[in-house]
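Asks: In numbering that gives the first Met the number 0, the protein residues as written are 0 to 183.
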Amino acid sequence: MNLAEYRRALDPLVRPDQFEGNGVILVHVVAHLLVVTGLSLAVAAHLTIWPLWSILLLACVSGHSIVCLGFAGHELDPMLLTLTVTVPKWADFLHIRFSHHVEHHLYPNAGPKNYPRIRAALLAKFPERYNVRAFGEAYRTILVTPLAHLDPYTLVDADGGSRMTVPLPGVAYTHDREPVPTHL
0 MNLAEYRRAL DPLVRPDQFE GNGVILVHVV AHLLVVTGLS LAVAAHLTIW PLWSILLLAC
60 VSGHSIVCLG FAGHELDPML LTLTVTVPKW ADFLHIRFSH HVEHHLYPNA GPKNYPRIRA
120 ALLAKFPERY NVRAFGEAYR TILVTPLAHL DPYTLVDADG GSRMTVPLPG VAYTHDREPV
180 PTHL
């Protein structure tokens, strides 16, 4: 499925016309200012207090940028290629619900306030396709997953040795092996 098909199915449940005070522009402006200023006190404090989250965030942002540049114009399935991470409520609040990544990719203008409603609609409509993992599991996956894209559905190590198919919900993958369904 592509983005338009998901939106046609979800719009009656999500009702994007009722998104109010989403603050999505403010969130993106602040994020870009922090990236541009790099050495700002906010970033330094964030890296000091939250080193594990920051490393994961930097890995995700750099990987996200590479994927966007490499596959611009391709019709990729956002439900298969995006991951939502479950974190404690305080961490979700502190990071402006950044963990709702699938929701952000399907409705980028919705804003963090509306992500829980979008998550409920996704779980009601596409429970088998919704890709969600606990923070620790997501972090371990990043540490063992090759980071370079050979094509939209294959990841490889920089030396080209280890290959891995892009993970699909409900399927467990290991390096250089066939996918194993997790529901068996």
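All C-beta atoms in this analysis are idealised placements derived from N, C-alpha and C, irrespective of residue type, glycine included.
Only counting runs of 4 or more residues, tell me where the alpha helix (DSSP H) segments fall wholly within the stretch 110-147, in order along the chain.
Replies: 114-124 and 134-143
Asks: Considering just the uninterrupted stretch of the alpha helix (DSSP H) at proline 78, what are its terminal residues?
Replies: Residue numbering aside, residue 78 sits at position 79 when the sequence shown is read from its first letter. Per the sequence presented here, residue 78 reads as methionine, with proline not at that position. First-last of the alpha helix (DSSP H) with methionine 78: 77-80.
Asks: Under 8 Å by Cβ, that's how I've got leucine 12 and alanine 133 pegged, so tell me the actual separation to the nearest angstrom.
Replies: To locate residue 12, count along the sequence shown from 1; it is residue 13. To locate residue 133, count along the sequence shown from 1; it is residue 134. Not a contact, Cβ separation roughly 25 Å.
Asks: Contact check, threonine 153 vs threonine 140 under 8 Å by CB: the rounded distance?
Replies: Taking the sequence shown and counting its residues from 1, the one referred to as residue 153 is at position 154. Taking the sequence shown and counting its residues from 1, the one referred to as residue 140 is at position 141. Contact annotation, threonine 153 with threonine 140: C-beta distance approximately 16 Å; criterion of less than 8 Å not satisfied.
Asks: Roughly how many angstroms separate the alpha carbons of tryptophan 89 and alanine 109, rounded to a whole number?
Replies: Working through the sequence shown from its first residue, we reach residue 89 at position 90. Working through the sequence shown from its first residue, we reach residue 109 at position 110. Near 21 Å, if we compare the C-alpha coordinates of alanine 109 and tryptophan 89.
Asks: Please classify valine 143 as buried or exposed, where buried requires at least 16 neighbouring CB atoms within 10 angstroms.
Replies: Residue 143 sits at position 144 when you count from the first residue of the sequence shown. It counts as exposed.
Asks: What would DSSP say about valine 84, mapped onto helix, strand or coil?
Replies: By 1-based counting over the sequence shown, the position of residue 84 is 85. In this structure, valine 84 counts as strand in the three-state DSSP scheme.
Asks: Is it right to say glutamate 127 is buried, meaning 16 or more other beta carbons lie within 10 angstroms of its own, or is it exposed?
Replies: The residue labelled residue 127 in the question sits at position 128 within the sequence shown. Its Cβ having fewer than 16 others within 10 Å, glutamate 127 is exposed.
Asks: Quick check on DSSP: helix, strand or coil for arginine 96?
Replies: To locate residue 96, count along the sequence shown from 1; it is residue 97. Note: arginine 96 maps to coil in three-state DSSP.
Asks: Between the Cα of leucine 115 and the Cα atoms of Tyr138, Val84, Ala157 and Pro145, which residue gives the shortest distance?
Replies: Against the sequence shown, residue 115 aligns to sequence position 116. A quick correction: the sequence has proline, not leucine, at residue 115. Residue Val84 is the option with its Cα nearest to proline 115.
Asks: Tell me whether arginine 162 sits in a helix, a strand or coil according to DSSP, three-state version.
Replies: Against the sequence shown, residue 162 aligns to sequence position 163. Of the three classes helix, strand and coil, the one that applies to arginine 162 here is strand, per DSSP.
Asks: Let me make sure I understand the geometry here. Which of His100, Ala3 and Gly160 has the alpha-carbon closest to that of asparagine 113?
Replies: Here the question's residue 113 lines up with position 114 in the sequence shown. If we check each option's Cα against that of asparagine 113, His100 comes out closest.
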